[in-house]
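Everything on this sheet refers to the single structure shown next.
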Amino acid sequence: MTDRNYLQQLRTPTKEQPLKILMSACLTGITCGYDGTANGEYPSALKLLKYDTVKIVTFCPEEFSFGSPREMCDIHGGTGLDVLNGKAKVMTDSGIDWSEGMIKASEKMLEIAKKEQIDLAVMMDVSAACGSQVIYDGNRFAENKKYQIGAGVSAAQLIRNGFKVISQRDFASLEILYSKIDPTHTINPSAKDHHEIDWYKEYFKI
Ligand code: SF4
Numbered sequence: 048m049t050d051r052n053y054l055q056q057l058r059t060p061t062k063e064q065p066l067k068i069l070m071s072a073c074l075t076g077i078t079c080g081y082d083g084t085a086n087g088e089y090p091s092a093l094k095l096l097k098y099d100t101v102k103i104v105t106f107c108p109e110e111f112s113f114g115s116p117r118e119m120c121d122i123h124g125g126t127g128l129d130v131l132n133g134k135a136k137v138m139t140d141s142g143i144d145w146s147e148g149m150i151k152a153s154e155k156m157l158e159i160a161k162k163e164q165i166d167l168a169v170m171m172d173v174s175a176a177c178g179s180q181v182i183y184d185g186n187r188f189a190e191n192k193k194y195q196i197g198a199g200v201s202a203a204q205l206i207r208n209g210f211k212v213i214s215q216r217d218f219a220s221l222e223i224l225y226s227k228i229d230p231t232h233t234i235n236p237s238a239k240d241h242h243e244i245d246w247y248k249e250y251f252k253i
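In terms of the working numbering, the sequence shown has 165 at position 118, counting the first letter as 1, and numbering is strictly consecutive.
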């Protein structure tokens, strides 16, 4: 769940003092997805690239550790936080344990977040590295694939170190963010964050 109070309190950025946002590289069009694509286009996130009052820093944790293209991976036995705590594993489709590389990548992402003194991270949801609201519970290609509430390894690393993370599907939060970046932006009151949509409520019985 995103911290809307935090977003409400963000300052209005200027060219001299831009808002610093760390983004999943694929959300900016960089072809670092497991299959060598950018995982599709998400206008809600791409719009952030248009402002000269926003400094975007990009990083792809999986590419950092495993290159592109690469195998698909998912978290087995828990969430990204559990992986960081040694209680769950990141496994590839073919059964290779990628936990160590994923943790190293999360530490690199944290290092970047600290060095750049980011205000916020906007990350690709559902990824085993970058997911922040929903991730797969085990192999996503399994016949009985399952989702769970939780963050991927890199998002969890940022969150547990005090950084705020929203996903490209947190439309209500993005509306607040855009109103901070662009004072002429009118907030769409019907926009919803990922945890507020019908699918989420029905799937997780919330
Ligand atoms: S690890 Fe993150 S940045 Fe890299 S392709 Fe997956 S979602 Fe995108």
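For glycine and all other residues, C-beta sits at the position ideal for the given N, C-alpha and C.
Helix, strand or coil at residue i according to DSSP, with G and I counted as helix
i	result
Asp166	coil
Phe188	coil
Tyr98	coil
Met48	coil
His242	helix
Ile228	helix
Ser153	helix
Ser220	helix
Ser179	coil
Gln195	strand
Ile234	coil
Ser214	strand
Alpha carbon of residue i to alpha carbon of residue j, nearest angstrom
i	j	result
Met70	Asn186	25 Å
Asp82	Phe251	29 Å
Ile165	Gly197	22 Å
Ser167	Lys211	In the sequence as displayed, the identity of residue 167 is Leu instead of Ser. For Leu167 and Lys211, the distance between alpha carbons rounds to 5 Å.
Ala152	Ala135	16 Å
Gly148	Gly127	13 Å
Met170	Pro236	23 Å
Ser226	Pro116	36 Å
Glu249	Met119	27 Å
Glu140	Asp121	Glu is not the amino acid found at residue 140; the sequence shown has Asp there. The alpha-carbon atoms of Asp140 and Asp121 are separated by roughly 8 Å.
Val200	Asp184	13 Å
Lys161	Asp217	23 Å
Glu88	Asp50	25 Å
Val130	Thr231	42 Å
Gly142	Tyr247	29 Å
Residue i: CB within 8 Å of a non-hydrogen atom of the ligand SF4
i	result
Asn208	no
Ser226	no
Ser201	yes
Ala92	no
Phe106	yes
Glu110	yes
Met171	yes
Ala198	no
Ser146	no
Leu237	In the sequence as displayed, the identity of residue 237 is Ser instead of Leu. False, no ligand heavy atom lies under 8 Å from that Cβ.
Tyr81	yes
Ala176	yes
Asn86	yes
Ser255	Here the chain comprises residues numbered 48 to 253, so residue 255 is not present and cannot be evaluated.
Ala160	no
Ala72	yes
Q) Okay, do the segment 55-65 and the segment 97-114 touch, 3+ Cβ pairs below 8 Å being the bar? A) Yes, the segment 55-65 is in contact with the segment 97-114.
**Q.** Three CB pairs or more closer than 8 Å across the segment 80-94 and the segment 215-222
**A.** Under the Cβ criterion (8 Å, minimum of three pairs), the segment 80-94 counts as touching the segment 215-222.
Q. Could you give the uninterrupted runs of the alpha helix (DSSP H) lying entirely in the segment 60-146, keeping only those of 4 residues or more?
A. Whole alpha helix (DSSP H) segments, 4+ residues: 90-93, 108-113 and 127-131.
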